[in-house]
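A short write-up of the structure that comes next.
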Amino acid sequence: MAQEHVLTDVENDTWLDSFELPGAPEGCSLRKRTLRGGLGDGVDLVEVSNGRLAFSVLPTRGMGVWRGDWRGTFLGWKAPLCGPVHPRYVNLPDRGGLGWLQGFDELIVRCGLDSNGAPCTDTVPDNNGNPMQVQLPLHGRIANTPANRVTASADGDEIAVSGTVQESALFTPNLRLQTRISTKAGSNSFTLVDEVTNLRGVDSEMQMLYHVNLGAPLLGEGARVLLPSAAVAPRDPRASEDLDTWRTYRGPTAGYVEQVYFHDLAAAASGETLAALGSADGASAAVLRFNRNELPCFAQWKCTQAESDGYVTGLEPGTNYPNPKPFERSKGRVVKLAPGESYRISLTLQVLDSTEEVAGLQDEIAAIRGEDPEVHPEPNPEWSSRG
Amino acid sequence: MAQEHVLTDVENDTWLDSFELPGAPEGCSLRKRTLRGGLGDGVDLVEVSNGRLAFSVLPTRGMGVWRGDWRGTFLGWKAPLCGPVHPRYVNLPDRGGLGWLQGFDELIVRCGLDSNGAPCTDTVPDNNGNPMQVQLPLHGRIANTPANRVTASADGDEIAVSGTVQESALFTPNLRLQTRISTKAGSNSFTLVDEVTNLRGVDSEMQMLYHVNLGAPLLGEGARVLLPSAAVAPRDPRASEDLDTWRTYRGPTAGYVEQVYFHDLAAAASGETLAALGSADGASAAVLRFNRNELPCFAQWKCTQAESDGYVTGLEPGTNYPNPKPFERSKGRVVKLAPGESYRISLTLQVLDSTEEVAGLQDEIAAIRGEDPEVHPEPNPEWSSRG
Amino acid sequence: MAQEHVLTDVENDTWLDSFELPGAPEGCSLRKRTLRGGLGDGVDLVEVSNGRLAFSVLPTRGMGVWRGDWRGTFLGWKAPLCGPVHPRYVNLPDRGGLGWLQGFDELIVRCGLDSNGAPCTDTVPDNNGNPMQVQLPLHGRIANTPANRVTASADGDEIAVSGTVQESALFTPNLRLQTRISTKAGSNSFTLVDEVTNLRGVDSEMQMLYHVNLGAPLLGEGARVLLPSAAVAPRDPRASEDLDTWRTYRGPTAGYVEQVYFHDLAAAASGETLAALGSADGASAAVLRFNRNELPCFAQWKCTQAESDGYVTGLEPGTNYPNPKPFERSKGRVVKLAPGESYRISLTLQVLDSTEEVAGLQDEIAAIRGEDPEVHPEPNPEWSSRG
Chain A
21 MAQEHVLTDV ENDTWLDSFE LPGAPEGCSL RKRTLRGGLG DGVDLVEVSN
71 GRLAFSVLPT RGMGVWRGDW RGTFLGWKAP LCGPVHPRYV NLPDRGGLGW
121 LQGFDELIVR CGLDSNGAPC TDTVPDNNGN PMQVQLPLHG RIANTPANRV
171 TASADGDEIA VSGTVQESAL FTPNLRLQTR ISTKAGSNSF TLVDEVTNLR
221 GVDSEMQMLY HVNLGAPLLG EGARVLLPSA AVAPRDPRAS EDLDTWRTYR
271 GPTAGYVEQV YFHDLAAAAS GETLAALGSA DGASAAVLRF NRNELPCFAQ
321 WKCTQAESDG YVTGLEPGTN YPNPKPFERS KGRVVKLAPG ESYRISLTLQ
371 VLDSTEEVAG LQDEIAAIRG EDPEVHPEPN PEWSSRG
Chain B
21 MAQEHVLTDV ENDTWLDSFE LPGAPEGCSL RKRTLRGGLG DGVDLVEVSN
71 GRLAFSVLPT RGMGVWRGDW RGTFLGWKAP LCGPVHPRYV NLPDRGGLGW
121 LQGFDELIVR CGLDSNGAPC TDTVPDNNGN PMQVQLPLHG RIANTPANRV
171 TASADGDEIA VSGTVQESAL FTPNLRLQTR ISTKAGSNSF TLVDEVTNLR
221 GVDSEMQMLY HVNLGAPLLG EGARVLLPSA AVAPRDPRAS EDLDTWRTYR
271 GPTAGYVEQV YFHDLAAAAS GETLAALGSA DGASAAVLRF NRNELPCFAQ
321 WKCTQAESDG YVTGLEPGTN YPNPKPFERS KGRVVKLAPG ESYRISLTLQ
371 VLDSTEEVAG LQDEIAAIRG EDPEVHPEPN PEWSSRG
Chain C
21 MAQEHVLTDV ENDTWLDSFE LPGAPEGCSL RKRTLRGGLG DGVDLVEVSN
71 GRLAFSVLPT RGMGVWRGDW RGTFLGWKAP LCGPVHPRYV NLPDRGGLGW
121 LQGFDELIVR CGLDSNGAPC TDTVPDNNGN PMQVQLPLHG RIANTPANRV
171 TASADGDEIA VSGTVQESAL FTPNLRLQTR ISTKAGSNSF TLVDEVTNLR
221 GVDSEMQMLY HVNLGAPLLG EGARVLLPSA AVAPRDPRAS EDLDTWRTYR
271 GPTAGYVEQV YFHDLAAAAS GETLAALGSA DGASAAVLRF NRNELPCFAQ
321 WKCTQAESDG YVTGLEPGTN YPNPKPFERS KGRVVKLAPG ESYRISLTLQ
371 VLDSTEEVAG LQDEIAAIRG EDPEVHPEPN PEWSSRG
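Chains as they are written, first to last, in our numbering: chain A, 21 to 407; chain B, 21 to 407; chain C, 21 to 407.
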């Protein structure tokens, strides 16, 4: 068994200002340090490298993955802020529930756990069992909640960082995220295994969406999304405008207004499926691998505005589409967990860096779904609240 | 005179990361440390022990009392969060003014100073003297305001921690809390002496309620509230449902909806009175001792939901009932302080751990109020805004 | 060339807990330390002295100037709070958008950058290009945003601290403030040179106001504002009440309600102008020097309430008057910056401490504007939204 090194354990009064994992596999490393100064003052940062692929994890921001690096190539995007941002500088209800954007600059950020999607008013039972209106902030609370337990371990050729984040308070949902993020020496991928558990004595709802964000250099003019889409629909009239080019991306375009497409992805019999961003030259790609049984919905976010404004695309597998929660509830796309029940999700980010590998990926996609997707010319009112 | 050791003094640029009180009485200790990691990162914690009774104080959370321990028995409750919670993670106006719950896990938490009770809209003069509507958050600001001065001292067989917390800003109330929390070597009690002063040049309102929260093991099926109630009324129809069993508590009950009873307590001629939670076996109790002239109102909060949801009861002596402030104002239950005027409150928490002591407590209660209370079958519209 | 010492550089992972500038001019010093405890826990403080004039800068609060000292005389005011206040304790949308007051205690605080003035609802394009209503908090965000880069330098007889603060997030304005605050050995003044740059790929609005706040001992009964006013108008009926005494100040007056006067200042041909607070005895003054081309508007804030409530006057040169932003926009007083465009502002605070110097100042004012200002008896609807 691998030895588990404790970096943070609030229950047992443990927290390490800095740490280096002993016994990491040859060429690998896992280090923890605490950022100081600016918006990131006090943020815990765990930096993992398997010798070729590196990525950093933010325990202070709900165990999100801040940035990656594949043999010198940046993985992530350049948000228009100087992050990472400590949750103390994020006011979720601010700006009509859009305060989440004040801290948004990660490669992978979880949206949940009680809710995700657009900010909205929801009706929930209050502590007297009566209906109460609450404002749900954009993409929920988990990304601005710090982990209360963080551990690291090495086992054979694998290194991993694990964390526990609790989204809870009296009279509100009490959902625990346990995540393990691991990679193998020399591998071209890392994997998140997440388990969300309802700690409440009563049933709870749960929503999860992985907002995976990529900018330059992978994203560029002519970059393409690669995925086994069975059906695609624009989120709104703005996305309908360029429906025929949903697969391809523009270069940085000042004043560009975002376009979002909702997909129904095909999957292998096991449920395994994928979505990738392929570079314009066809020689590299970032691939997300996940299971449609766990993450049945997929949103593609095109946000190819100017570099300085945050040139980016989001590949977003989720338990739901990122509409306001009441809409998702009405469509049966909100997970319900009994007391003690857990929901498990696995998500892998893989990097390909040769024409052969990208061609292989396209074969793999064709094997899942050989034909073109059904294209909805208009927003699908079953998928989009703006339909 | 006892020597006063300064742990924090913002005016004079003093703050100690850790501290141990020298010259503590035999068997006693008073230590300060700073919590790191998770939601409590940066919270100052003062741990006091008199050899038998221990308790911890949170200067960062308005000098609240986090938890206690009586000879190995836990005093407090297990809120559904991993606390203590730094105020940076508490957004008071959030969730319709219920953000206070995001940090609520203490044994004793003060609710005030400008306001306490349910969140509401109030009308106050703005900086131009015109009426302005403001949202008052649940239970006010004091529990999420850090002390700017903290000292510790030993004197004979007594140890004490003192703190100053200022709830203020330009054009808003400017109320200063000075508290001294002390215990004696080997004693079964500790005492808070609070003084709230209006620092403004004009009259100010003040509200104070001590939210004293107890869960297992003292609370359990068949536990009882022990108090010299002269009259009791349900807060709302939900509390009316189980009016006949207001004295006794259920075991943890998944889905239980809180029930609150408002009391008019009898008192000795001096004003001294008390309220206690007695364990089901009659062999232990936690007793609150206070003066009805200082804290004329008393609320009993039954919240016997599942353990994981925060199984708890609140014994809540206050200057008012925890209704929205405008209601309390209309009933004459908001304190008014002239410029420079202070309001002094003393509150003792005592632990009893034998059948004899509990029987003695019941005799003491009977001596104050021998007969059963007047029972209002319906909410009393003089006491409850939900009446 | 002066060597630049880096105190904070988030991009390059630099932050110094404490620092002392080497090679400072004779009698001068520049030190940095980190405050601990209370509301200021974690605030970076840079203390600069030129041997006669000292002032402190708050990188954590947007490079504001906290307090000054002229040969033992306090420069600033005593706000009714125990500051400086870390932004984590400031909830801008709170109390109807007045949360900014929770941290307001500086000598010089910038109000901006996207907006300043009274809290209000504004209509801005959302991330889909559609109109969205947002709540603009009092005086904007810059004073509660930490610098991500701070440097210090000495060059000949000059010492300076510089900082970069970015007010930005995805889909919102992205404005960068670069400031350099410098003084010379033995000088009676220090100077801020600010440059605000639009980092967005599209046009952005900008507002800036310098809220310069002075209390005792310079402010006192009979103190006077000294400035080359071409026209003065009360902000509202309350200010009209005492229009004939707009130049002079009362002593501390419990219950005093603020009075604000808007001015159109005359200027030299170069645009250079000034505004000063002169002490009652005519023997000292604090002078602001700036350029009307950069800061065309001027507000005079009389807030002579009781000492304990924050006895203060504000001298407020700005790009606009501190009305709600939509009003200022409608009057053409909101700056528009093209992508990459910058707006430069220079502001000097100078201290005079002899009757001769103050008389010289009055001559200087008379040379700019010899005659009395045009006095609007009523609020000017072109200047004030309350007109």
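For every residue, glycine included, the Cβ atom is placed at its ideal position computed from N, Cα and C.
Relative to the Cα of SER404 (chain B), the nearest Cα in the group B:GLU348, B:LEU367, B:PRO157 belongs to B:GLU348. Only GLN186, SER188, ALA189, LEU190, PHE191, THR192, ASN194 from the stretch 185-214 of chain B bring a Cβ to less than 8 angstroms from some Cβ of chain C. At a cut-off of 9 angstroms between beta carbons, SER135 (chain A) makes no contact with chain C. Nearest C-alpha to ALA306 (chain C) among C:PRO399, C:LEU41, C:GLN325, C:GLY334: C:GLY334. Per DSSP, the unbroken beta strand (DSSP E) holding SER209 (chain A) starts and ends at 209-218. Nearest neighbour of LEU308 (chain C) by Cα position, chosen from C:ALA379, C:LEU372, C:GLY117, C:GLY352, turns out to be C:LEU372.
The C-beta distance from ALA296 (chain B) to LEU247 (chain B) rounds to 7 angstroms, short enough to meet the 8 angstroms contact threshold. Under the DSSP assignment, PHE282 (chain C) falls in the beta strand (DSSP E) whose first and last residues are 279-285.
A residue is called buried when at least 16 other Cβ atoms come within 10 angstroms of its Cβ; LYS322 (chain A) meets this threshold and is buried. ILE128 (chain C) and ASN111 (chain B) have their alpha carbons spaced roughly 28 angstroms apart.
When Cβ-Cβ separations below 9 angstroms define contact, SER328 (chain B) makes contact with chain A. Comparing C-alpha distances from LEU357 (chain B) to each of B:LEU294, B:THR199, B:LEU133 shows the shortest one belongs to B:LEU133. LEU121 (chain B) places its beta carbon less than 9 angstroms from that of PHE191 (chain A). The continuous alpha helix (DSSP H) containing ILE385 (chain C) extends over residues 375-388. Contact with chain C is found for CYS102 (chain A), since one of that chain's Cβ atoms lies less than 9 angstroms from the residue's Cβ. Under a 10 Å Cβ-count criterion, GLN186 (chain C) is classified as buried, with 16 or more other Cβ atoms of the shown protein chains found around its own Cβ.
For PHE124 (chain A), there is no enclosing alpha helix (DSSP H), as DSSP gives it neither H nor E. Straight-line spacing of the CA atoms in PRO257 (chain A) and ASN400 (chain A) works out to 11 angstroms. Note on geometry: alpha-carbon atoms of ARG389 (chain C) and ALA250 (chain C) lie some 7 angstroms from one another.
Contact with chain C is absent for ARG81 (chain B), since none of that chain's Cβ atoms lies less than 9 angstroms from the residue's Cβ.
Linking VAL332 (chain B) to TYR276 (chain B) through their CA atoms gives a straight-line distance of about 11 angstroms. Put simply, the backbone Cα of PRO107 (chain C) is about 46 angstroms away from that of ASP301 (chain A). Leaving aside the five residues that flank ASN340 (chain A) on each side, the residues in its chain whose CB is nearer than 6 angstroms to its CB run, in chain order, GLN227, CYS317, GLU348, ARG353. Around the beta carbon of ASP392 (chain A), a 10 Å sphere encloses fewer than 16 other beta carbons of the protein chains shown; the residue is thus reported as exposed. Taking TYR109 (chain B) as the centre and dropping the five residues before and after it, the same chain places the C-beta of LEU59 closer than 6 angstroms to its C-beta, in chain order. Counting along the chain, the unbroken beta strand (DSSP E) around GLU24 (chain A) starts and ends at 24-29.
For the stretch 163-202 of chain A, the continuous beta strand (DSSP E) assignments of 3+ residues that do not extend past its boundaries occur at 169-175, 178-187, in sequence order. Using a Cβ-Cβ cut-off of 8 angstroms, GLU384 (chain C) is close to nothing in chain B; its nearest Cβ partner there is about 33 angstroms away.
Annotated as distal: GLY271 (chain A) and ALA326 (chain B), with beta-carbon spacing of 9 angstroms or more.
Look at LYS98 (chain A) here: in three-state DSSP terms it is coil, with no helix or strand label.
Residues of the stretch 291-305 of chain C whose Cβ lies closer than 9 angstroms to any Cβ of chain B: none.
Under the DSSP assignment, ARG53 (chain C) falls in the beta strand (DSSP E) whose first and last residues are 49-54. Using a CB distance cut-off of 9 angstroms, TRP35 (chain C) counts as an interface residue toward chain A. Ranking A:ALA44, A:SER135, A:TYR269 by CA distance to the CA of GLY298 (chain A) puts A:TYR269 first. In the structure shown, the three-state DSSP call for LEU59 (chain B) is helix.
Per DSSP, LYS356 (chain A) is one residue of the beta strand (DSSP E) stretching across 355-357.
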